[in-house]
Amino acid sequence: MATAIVRSAKNFRNLHQRFYFHTLLTKCRPPIPSPTIADNIQHRALPLIQQAIPFGIGFQSFVADQRFSSTSTTTGTVQSGHSKPNSEGGDKSGDSNQSKSDTGKPIRGGPISWLSFLLLALTGAGIIWYYDKEKEQHIEEINSASQAVKQGPSVGKAAIGGPFKLINHDGKNVTEKDFLGKWTVIYFGFTHCPDICPDELQKLAAAVDKIKENSGIDIVPAFISVDPERDTVEQVREYVKEFHPKLIGLTGSPDEIRNIARAYRVYYMKTAEEDSDYLVDHSIVMYLMSPKMEFVKFFGKNNDVNSLADGIIKEIKQYKR
Amino acid sequence: MAALEAYASRNADEVHTDVLLKARQACYKSRDAFYDCLEKESNKKPTEIASVGLLYPAECKALRAQFVNHCRASWVKHFDRLYCKNKRVTRLLDDGGETRR
Chain A
1 MATAIVRSAK NFRNLHQRFY FHTLLTKCRP PIPSPTIADN IQHRALPLIQ QAIPFGIGFQ
61 SFVADQRFSS TSTTTGTVQS GHSKPNSEGG DKSGDSNQSK SDTGKPIRGG PISWLSFLLL
121 ALTGAGIIWY YDKEKEQHIE EINSASQAVK QGPSVGKAAI GGPFKLINHD GKNVTEKDFL
181 GKWTVIYFGF THCPDICPDE LQKLAAAVDK IKENSGIDIV PAFISVDPER DTVEQVREYV
241 KEFHPKLIGL TGSPDEIRNI ARAYRVYYMK TAEEDSDYLV DHSIVMYLMS PKMEFVKFFG
301 KNNDVNSLAD GIIKEIKQYK R
Chain B
1001 MAALEAYASR NADEVHTDVL LKARQACYKS RDAFYDCLEK ESNKKPTEIA SVGLLYPAEC
1061 KALRAQFVNH CRASWVKHFD RLYCKNKRVT RLLDDGGETR R
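Quick note, the sequences are listed as chains A and B, same order.
Residues 1 to 321 in our numbering are what the first sequence lists, from first letter to last.
Residues 1001 to 1101 in our numbering are what the second sequence lists, from first letter to last.
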């Protein structure tokens, strides 16, 4: 009995919690137990702080009840069972506390019950669902933000392009002003190019036709030579004639070519092998210029005809000014 | 302006026709023929020297001559270099890096 009291003090906190939960669960039952129906309370309600001593007894009998699986009718059996399972009950009180609460249907109502488990599961699910929604929203925002940036060239234009003074394939002097008013695609290359420039120019010519066919927009393709020493006006004329009637060929003095290459950030380097038979290493890029001769977008070698045409049409459609 | 005009009149007469469309197409055809020969006879021992370190077996000699004939010298070198590069890449992919080359 004394050990029971000691243990009851230790277990008091536990049982106080259980009492609290139990009061939540059993609102209809009287929270304050009366001493007369102590045995009833032993099964259902936990006594308050005044009842610490009988509480210890009640606790023991709780254990006893489980072992004997008796109902709340007889007090006699309860009290007689005191002395016998006293010590064992006391020993088992610690862990039986837990096991009782785990087995689900505690007679007294432990801190963990099916209802609390359900509440926990619901809360957990609710939190996960809420977090999911927030995450989705966040991802949406990021996506739309990145889209928005692409659509607005006003966010910052690349400093590509600039004034130039070149000779076109008819021998006329042209400047960038002659290209205003229409969309232009500029390709830098040289006529003595083995395979890349012909392929790119063919691609450009096909794309120009495709764009005209799909959207009716006129694009002016331009070929600017980075090999001015060999690419004379006649050379360029013969060269561009074969690709597209609208293809304009431009050449000029080495100084002018150097200027425009710098303006367009074009790399070109003579692979000085022999004197007249050399190749020019150069960057393989097509520049899309707006009707104001402002740089809009560039297209690399990896685009095929369709993606080039589609890309150009998209840029033109997105161009608001 | 004067400089531009001077420049324009300097090389007025020469038009290198060997880079125009017809010449290019002939060059490509002979180039493809030669490289196909190389592929076909790849099991033969390469004895002849092409350029930039490319070797080819004697069976393809005639095609090589045609190839060199139709294309500019710089183009021949360029194509040979390209061919070697591709060969190296395919060999790397096939062997998985086992053979040290």
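Backbone N, C-alpha and C fix where the C-beta goes; we use that ideal spot for every residue, glycine too.
Contact set for residue i: own chain, Cβ-Cβ below 6 Å, skip 5 residues either direction
{"i": "F298 (chain A)", "result": "V285, Y287"}
{"i": "F1079 (chain B)", "result": "R1031"}
{"i": "Q235 (chain A)", "result": "T191"}
{"i": "E281 (chain A)", "result": "In the sequence on display, residue 281 (chain A) carries Asp and not Glu. Counting only Cβ-Cβ distances below 6 Å, and skipping sequence neighbours, we find M269, T271."}
{"i": "K157 (chain A)", "result": "none"}
{"i": "V1015 (chain B)", "result": "none"}
{"i": "V266 (chain A)", "result": "F188, S283"}
{"i": "S83 (chain A)", "result": "Unreliable positioning characterises S83 (chain A) in this predicted model, as indicated by a pLDDT of 48, which lies under 50. The coordinate reading is nonetheless provided below. Nothing meets the Cβ criterion."}
{"i": "D1094 (chain B)", "result": "none"}
Spatially closest choice to residue i from the options, by CA coordinates
{"i": "R1072 (chain B)", "options": "A:D277, A:D304, A:S307, A:M289", "result": "A:D277"}
{"i": "K241 (chain A)", "options": "A:P254, A:E229, A:P198, A:S116", "result": "A:P198"}
{"i": "R1064 (chain B)", "options": "B:L1021, B:F1034, B:Y1028", "result": "B:F1034"}
{"i": "A159 (chain A)", "options": "A:V305, A:A263, A:V226", "result": "A:A263"}
{"i": "E256 (chain A)", "options": "A:N143, A:G124, A:N173", "result": "A:N173"}
{"i": "N302 (chain A)", "options": "A:N143, A:L204, A:F164", "result": "A:L204"}
{"i": "E200 (chain A)", "options": "A:Q137, A:Y187, A:K210", "result": "A:Y187"}
{"i": "L308 (chain A)", "options": "A:N214, A:V226, A:S116, A:R265", "result": "A:N214"}
{"i": "G189 (chain A)", "options": "A:G171, A:Q202, A:K210, A:I224", "result": "A:I224"}
{"i": "K977 (chain B)", "options": "B:Y1083, B:C1084, B:Q1066", "result": "Here chain B has residues from 1001 to 1101 only, and residue 977 (chain B) is not among them."}
{"i": "K1077 (chain B)", "options": "A:L279, A:Y267, A:L122, A:E141", "result": "A:L279"}
{"i": "G311 (chain A)", "options": "A:T232, A:P291, A:V208", "result": "A:V208"}
{"i": "L1020 (chain B)", "options": "A:T123, A:I112, A:I313, A:Y239", "result": "A:Y239"}
{"i": "G171 (chain A)", "options": "A:Y267, A:V266, A:T232, A:A145", "result": "A:T232"}
{"i": "R258 (chain A)", "options": "A:R230, A:V226, A:H244, A:F243", "result": "A:V226"}
{"i": "S1107 (chain B)", "options": "B:V1089, B:L1082, B:E1039, B:R1024", "result": "No information on residue 1107 (chain B) is available, as it lies outside the stretch 1001 to 1101 that chain B covers here."}
{"i": "M293 (chain A)", "options": "A:K212, A:K177, A:I313", "result": "A:K177"}
{"i": "R1091 (chain B)", "options": "B:S1042, B:K1022, B:D1018", "result": "B:S1042"}
{"i": "P291 (chain A)", "options": "A:I219, A:I313, A:R230", "result": "A:I219"}
{"i": "R230 (chain A)", "options": "A:P254, A:Y131, A:A145, A:Q318", "result": "A:P254"}
{"i": "E1039 (chain B)", "options": "B:L1093, B:K1087, B:Q1025, B:A1062", "result": "B:K1087"}
{"i": "I196 (chain A)", "options": "A:G300, A:L122, A:H138", "result": "A:G300"}
Per DSSP, the bridge partner or partners of residue i
{"i": "W183 (chain A)", "result": "A:I219"}
{"i": "Y1104 (chain B)", "result": "Nothing about residue 1104 (chain B) can be read from this structure; chain B reaches only from 1001 to 1101."}
{"i": "L166 (chain A)", "result": "A:V174"}
{"i": "H1078 (chain B)", "result": "In the DSSP output, where bridge partners are listed per residue, H1078 (chain B) has none listed."}
{"i": "E1048 (chain B)", "result": "B:Y1056"}
{"i": "D281 (chain A)", "result": "A:M269"}
{"i": "G189 (chain A)", "result": "A:S225"}
{"i": "L1093 (chain B)", "result": "Partner(s): none; L1093 (chain B) has no beta bridge."}
{"i": "M289 (chain A)", "result": "A:T184, A:F295"}
{"i": "L250 (chain A)", "result": "A:N168, A:I224"}
Chain A residues whose Cβ lies nearer than 7 Å to that of residue i
{"i": "F1034 (chain B)", "result": "Simply none; closest approach about 14 Å."}
{"i": "A1073 (chain B)", "result": "D277"}
{"i": "L1021 (chain B)", "result": "E242"}
{"i": "V1015 (chain B)", "result": "E234, Q235, E238"}
{"i": "H1078 (chain B)", "result": "P194, L279"}
Neighbourhood of residue i by C-beta distance below 8 Å, restricted to the same chain and skipping five residues each side
{"i": "L1055 (chain B)", "result": "P1046, T1047, E1048, I1049"}
{"i": "E134 (chain A)", "result": "none"}
{"i": "A1023 (chain B)", "result": "T1017, H1070"}
7 Å CB neighbourhood of residue i in its chain, flanking five on each side removed
{"i": "I49 (chain A)", "result": "Only weak support exists for where I49 (chain A) lies, its pLDDT of 48 falling under 50; the value from the coordinates is given anyway. Result list for I49 (chain A): empty, nothing under 7 Å."}
{"i": "K1102 (chain B)", "result": "Residue 1102 (chain B) is absent from the structure shown; chain B starts at 1001 and stops at 1101."}
{"i": "Q202 (chain A)", "result": "F243"}
{"i": "N168 (chain A)", "result": "V174, I248, G249, L250"}
{"i": "G1053 (chain B)", "result": "C1084"}
Under 9 Å from the C-beta of residue i: neighbouring residues of chain A
{"i": "R1081 (chain B)", "result": "Near R1081 (chain B) there are no residues of chain A at all, since even the closest Cβ is about 10 Å away, more than 9 Å."}
Nearest-angstrom beta carbon gap, residue j and residue i [assumed within contact, 8 Å]
{"i": "W183 (chain A)", "j": "I316 (chain A)", "result": "6 Å"}
{"i": "R237 (chain A)", "j": "G249 (chain A)", "result": "6 Å"}
{"i": "L180 (chain A)", "j": "I260 (chain A)", "result": "Between I260 (chain A) and L180 (chain A) the Cβ distance is about 16 Å, and since that is not below 8 Å, they are no contact."}
{"i": "W1075 (chain B)", "j": "C1037 (chain B)", "result": "The pair is not a contact, with the Cβ atoms about 18 Å apart (cut-off 8 Å)."}
{"i": "P221 (chain A)", "j": "K246 (chain A)", "result": "6 Å"}
{"i": "P163 (chain A)", "j": "T175 (chain A)", "result": "6 Å"}
{"i": "G126 (chain A)", "j": "M289 (chain A)", "result": "56 Å between Cβ atoms; not a contact."}
{"i": "Y296 (chain A)", "j": "K210 (chain A)", "result": "According to the sequence shown, residue 296 (chain A) is Val rather than Tyr. About 18 Å; that fails the 8 Å criterion."}
Neighbour list for residue i in chain B, Cβ cutoff strictly below 9 Å
{"i": "Y268 (chain A)", "result": "Neighbours of Y268 (chain A) on chain B: none; closest Cβ ~16 Å, over 9 Å."}
{"i": "T191 (chain A)", "result": "H1016, V1019, L1020"}
Chain A residues whose Cβ lies nearer than 8 Å to that of residue i
{"i": "R1024 (chain B)", "result": "P198"}
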